[in-house]
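Worksheet: one structure, shown below.
Number of protein chains: 2
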Amino acid sequence: MWLKSVFHVLGVCLVTACMSVTGAMAQSDPLPSWNDGAPKQAIVDFVTAVTTEGGPDYVAPTDRIATFDNDGTLWSEQPMYVQLAFALDRIKQMAPDHPEWKDKEPYKSVLAGDLKGLAATGEKGVVELVAVTHAGMTSDEFTKIATDWIATAKHPKTGRLYTDMVYQPMLELVDYLHSNDFRVFIVSGGGIEFMRPWTEKVYGIPTERVVGSSIKTEYKVVDGKPVINRLPAVDFVDDKEGKPIGILGHIGKRPIAAFGNSDGDFQMLQWATSGDGKRFGLIVHHDDGDREVAYDRKSVFGKLDKALDEGPGLGWTIVSMKNDWKQVYPGQ
Amino acid sequence: MWLKSVFHVLGVCLVTACMSVTGAMAQSDPLPSWNDGAPKQAIVDFVTAVTTEGGPDYVAPTDRIATFDNDGTLWSEQPMYVQLAFALDRIKQMAPDHPEWKDKEPYKSVLAGDLKGLAATGEKGVVELVAVTHAGMTSDEFTKIATDWIATAKHPKTGRLYTDMVYQPMLELVDYLHSNDFRVFIVSGGGIEFMRPWTEKVYGIPTERVVGSSIKTEYKVVDGKPVINRLPAVDFVDDKEGKPIGILGHIGKRPIAAFGNSDGDFQMLQWATSGDGKRFGLIVHHDDGDREVAYDRKSVFGKLDKALDEGPGLGWTIVSMKNDWKQVYPGQ
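Chains as they are written, first to last, in the numbering used here: chain A, 1228 to 1559; chain B, 1228 to 1559.
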């Protein structure tokens, strides 16, 4: 009997040992889609430094906050922001109920597929587009609309679902940080309620760790049922100087690491990397015209100019998609 | 040698078994400061129902969101909100640099300890008080001021630190929810940056799970150093209808359980408990004049009237501090 117990115990321990070995093997290269080189090494060195107990750069788990931009950092933003594609699709879906749109901007340009015409309508046109496609419904209704759209909408060039147009190396980076007890937040200029329906499934980042731009809302009880209505007025723009403000408002702590790809992320990286102790800033440079799109200083979406010039001097890691990434999208 | 290994292994497993027993014992009554009765039973029944896999009311951990009011729900709000005591103390600390305050309201009343005089200055006086004591400094500076104050400030009646004026039964409730994979948020009318310096230490709730009222801020680079300045203008009031709005903005999911003590929490409980599936709402009724303070319908701070009348009909649990709590404060 005791021998049986001993074998049982040994069996359990062998299984445990086996699991440890598997764990160690899985950990041997946490970033398999990254080529060996300075950026990958800088990431691993940083994470090792802040997680080494007793080391000079140790940071307690409670302060391991990392923030990621979304468009162009975690997923594709070309040929246009995915949320803009969503808004244009919404206009097309809603058009049959609005015959007057055929002769009225910005709808006329949208329905004609004329992006230059849309751009010519300026801020007024874009604000109207957002109001019509993102407001005038309850929060629950908008979540359903966004959820349904993202489930089937495809990228115009690759034909992949937008949620498959995420960057495999960045998914590995988010997982690597999570497995080292970081709390990872998205801090995006995109609409907070547009992202939340899918970030948990796609990135493993729950709704409360998504910071974004927002429109005003109101709480009302209608026929005994409480609803939150989305109003046609901008509440907060989570871009440039807005990113540190959004971080303070939502997180309440300064990140020790920040990841972006455009000048819209400059202040977020500046805020994160200028704090005390070990810090990390990373900029994804879209220089891979073959596997993705090569763009930076002149791009309408995700313009990268100042951060490209000043980043290296500020100690930020600049990632060349072309040279530093083995693979761009998952499952390739 | 193998015998030694076996003993080692057995030793480890005995220790593990011992730890399991301790764990089970600790779990036998997760709410030891609650008297047996309907409220305690309702809490345990709810948590059991939503965590029982395969049961009709099961809720996946990802959706186990609980929100707690702070003032009067997690800690004392009598004879005045702690944050108001902080503001009054700040005025007294700053007064030597402002000799003109002696003849100017609302400072005159504050310095004379005349709360009625302060109240008579109305909203204008309170807004000025908030502006002077909560703005005009960086976010880091304010955090330090609040941190230093809360470390030593004491309740005028009990002489205890304010952070010891928390309710032991509610601390147990927060822990009980945490141990059942709930994500617990504070959703308070109090200032978000006033609470964040101490909520993790006192409640085990990290900064990003604190939702509160806020003033406007701006991001600036001063002499090469980025700062976030606190501006003398209200940004968001997280009370009444503001609570569901704050919850949507910060959490992005509807809570399945909400806990409050005043009419300011009505909409939060209404929003949480009117969702689909199993829901839970709880109101702490301050009816214990001996161990705490008895107040409800007529109170300046934490007025409880509508929620007391309508709560039971909405299925909310009303907790009598007098009858349902064995103990009010920790360490008694």
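For glycine and all other residues, C-beta sits at the position ideal for the given N, C-alpha and C.
In this structure, the straight-line span from the alpha carbon of proline 1326 of chain B to that of leucine 1345 of chain B is close to 18 Å.
Nearest to tyrosine 1430 of chain B by alpha-carbon distance, out of B:Val1454, B:Tyr1394, B:Val1449, B:Val1448, is B:Tyr1394. Taken residue by residue, none of the segment 1349 to 1361 of chain A has a beta-carbon sitting less than 9 Å from a beta-carbon on chain B. In this structure, phenylalanine 1412 of chain B keeps its C-beta atom at 8 Å or more from the C-beta atom of arginine 1387 of chain B. At a cut-off of 8 Å between beta-carbon atoms, threonine 1390 of chain A makes no contact with chain B. Within chain B, not a single residue places a beta-carbon under 7 Å from that of glycine 1416 of chain A; the smallest gap is close to 15 Å.
Cβ atoms of proline 1482 of chain B and alanine 1293 of chain B come within 8 Å of each other, at about 6 Å.
Legend: CB atoms of the segment 1488 to 1514 of chain A lying less than 7 Å from CB atoms of chain B belong to residues Gln1494, Gln1497, Trp1498, Ser1501. Around the Cβ of valine 1527 of chain A, a 10 Å sphere holds fewer than 16 other Cβ atoms; the residue is exposed. Annotation: lysine 1343 of chain B to serine 1336 of chain B spans about 8 Å, alpha carbon to alpha carbon. For glycine 1476 of chain B, the residues of chain A that pass the 9 Å Cβ criterion are Ile1419, Ser1441, Thr1444, Asp1462, Phe1463, Gly1476, His1477, in the order they occur in the chain. In the assembly as shown, serine 1366 of chain A is a buried residue. Its beta-carbon has 16 or more other beta-carbons within 10 Å. Following the DSSP letters along the chain, one finds phenylalanine 1493 of chain B inside the alpha helix (DSSP H) bounded by residues 1493 to 1500. Cβ neighbours of alanine 1269 of chain B within its own chain (closer than 6 Å, five residues either side excluded): Thr1544. Here glycine 1538 of chain B is buried: its Cβ has 16 or more other Cβ atoms, across all protein chains shown, within 10 Å.
Judged by DSSP in its simplified three-state form, tryptophan 1543 of chain A adopts coil rather than helix or strand. Among the bridge pairs identified by DSSP, asparagine 1456 of chain B is matched with B:Thr1365, B:Glu1445.
For histidine 1512 of chain A, DSSP records a beta bridge to A:Ser1547. In chain A, no part has a C-beta under 9 Å from the C-beta of isoleucine 1483 of chain B; the shortest such distance is about 14 Å. The beta carbon of proline 1453 of chain A falls within 8 Å of a beta carbon belonging to chain B, placing the residue at that interface. For valine 1555 of chain B, the closest C-alpha among the options B:Ala1499, B:Ser1260, B:Asp1256 is that of B:Ser1260.
Note on geometry: alpha-carbon atoms of asparagine 1297 of chain A and lysine 1505 of chain A lie some 24 Å from one another. By the 16-neighbour rule on beta-carbons within 10 angstroms, glycine 1349 of chain B is exposed.
In this chain, the alpha helix (DSSP H) harbouring isoleucine 1419 of chain B covers 1419 to 1430.
At a cut-off of 8 Å between beta carbons, valine 1437 of chain A contacts chain B. Contact of serine 1366 of chain B with chain A is assigned, a C-beta pair being separated by under 8 Å.
Under the 8 Å Cβ criterion, the segment 1455 to 1463 of chain A does not count as touching the segment 1495 to 1513 of chain A, having fewer than three qualifying pairs. Around the Cβ of arginine 1524 of chain B, a 10 Å sphere holds fewer than 16 other Cβ atoms; the residue is exposed.
The C-beta of proline 1433 of chain A comes closer than 8 Å to at least one C-beta of chain B. When the alpha-carbon of asparagine 1488 of chain B is set against those of B:Ile1474, B:Val1520, B:Thr1360, B:Lys1530, the nearest one is in B:Lys1530.
Sorting A:Lys1470, A:Phe1486, A:Val1354 by C-alpha distance to the C-alpha of leucine 1404 of chain A places A:Phe1486 at the top. The beta-carbon distance between glycine 1299 of chain B and valine 1511 of chain B, rounded to whole angstroms, is 7 Å. This is short enough to meet the 8 Å contact definition. The DSSP-derived three-state label of threonine 1294 of chain B is strand. Residue-level contact by beta carbon fails for proline 1557 of chain A and chain B, as no gap is shorter than 8 Å.
Note on the segment 1296 to 1380 of chain B: whole alpha helix (DSSP H) runs with a minimum of 4 residues are 1309 to 1321, 1334 to 1338, 1342 to 1347, 1349 to 1361, 1366 to 1379, in chain order. At a Cβ-Cβ threshold of 8 Å, tyrosine 1308 of chain B and glycine 1473 of chain B do not count as neighbours.
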